[in-house]
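Please read the structure below before turning to the comments.
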Amino acid sequence: MKPHMKYIPLSLLLFFVLSCVEPGGKISFNNNKEVIRSLFEAYNNHDWATVAGCYADSTLFLDASLGDSAIYQTQEATIKRYQALHQKYPDMKAEIKDIYSDGNHVIVEFVAVGTARNSQMKLAQCAVFTLKDGKIVENNTYFERK
C-alpha cells in the first residue's frame, strides 16, 4: 500500500462525521426521515396511537380535508380523525412513491388507497412535514380536490 493511501479511509470517516455537524457545532444524525417512515408504517397498520405519537402535542395541519385554513390539532384529535377515516375506508393504506429530507423538513409523495362502499379510492398526495426534536410540528398535505 502506498503511504498516502492509508489516509483515504481516515479522510472518508472525517467527511462523514463532519457532514453530520449542524451550524453551531452540534453533531446530528438526522432521523427525521425515519420518523416519517414510522408514521406511514403505523398508518398502514392502522395503529393510530403510534401515528399520533409521531406528532407534537399540538401540530399545525394544513389539509383541504380539514378546511381552507391551517388548524392546530392535539394528538387526541389526530387519533379521532384517523379513526373516523378508517371507519370510512377500512382497508386504507398509503403507498410512498418518494421521500426527500433536508434539515427539519421531510417531503413525501404518496398515493392513498382504500375502499368505501365498494368504491375504490386512489388519491395522489404530497405532504410537507416540519419536525422539531423528533416530532412533527407541522403537516401540510396537498392533493387535488374533486
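In the UniProt record's numbering, the protein residues as written are 1 to 146. Cβ atoms here follow ideal geometry from the backbone N, Cα and C, with glycine treated the same way. Since the structure is predicted, the reported quantities are computational estimates derived from the model, not experimental observations.
Beta strand (DSSP E) segment containing residue i, residue limits
{"i": "residue 119", "result": "119-132"}
{"i": "residue 109", "result": "105-116"}
{"i": "residue 100", "result": "93-102"}
Pick from the options that is closest to residue i, judged by C-alpha positions
{"i": "residue 115", "options": "33, 76, 53 and 93", "result": "93"}
{"i": "residue 103", "options": "78, 131, 97 and 86", "result": "131"}
{"i": "residue 31", "options": "125, 106, 122 and 40", "result": "106"}
{"i": "residue 127", "options": "140, 119 and 133", "result": "140"}
{"i": "residue 172", "options": "49, 53 and 45", "result": "Within the shown structure, residues of the chain are numbered from 1 to 146, placing residue 172 beyond reach of any answer."}
{"i": "residue 143", "options": "40, 111 and 136", "result": "111"}
{"i": "residue 124", "options": "137, 145, 136 and 135", "result": "145"}
{"i": "residue 46", "options": "89, 108, 121 and 136", "result": "89"}
{"i": "residue 83", "options": "91, 36, 48 and 121", "result": "48"}
{"i": "residue 117", "options": "86, 108, 101 and 136", "result": "86"}
First through last residue of the alpha helix (DSSP H) which encompasses residue i
{"i": "residue 32", "result": "32-44"}
{"i": "residue 89", "result": "Counting along the chain, residue 89 falls outside any alpha helix (DSSP H), and DSSP gives it neither H nor E."}
Per DSSP, cross-strand counterpart(s) of residue i
{"i": "residue 50", "result": "The partner list for residue 50 (beta bridge, DSSP) is empty, contrary to what the question assumes."}
{"i": "residue 144", "result": "None; residue 144 has no bridge partner."}
{"i": "residue 55", "result": "136"}
{"i": "residue 82", "result": "Partner(s): none; residue 82 has no beta bridge."}
{"i": "residue 73", "result": "59"}
Rounded distance between the beta-carbons of residue j and residue i, thought under 8 Å
{"i": "residue 72", "j": "residue 58", "result": "5 Å"}
{"i": "residue 95", "j": "residue 113", "result": "7 Å"}
{"i": "residue 99", "j": "residue 36", "result": "7 Å"}
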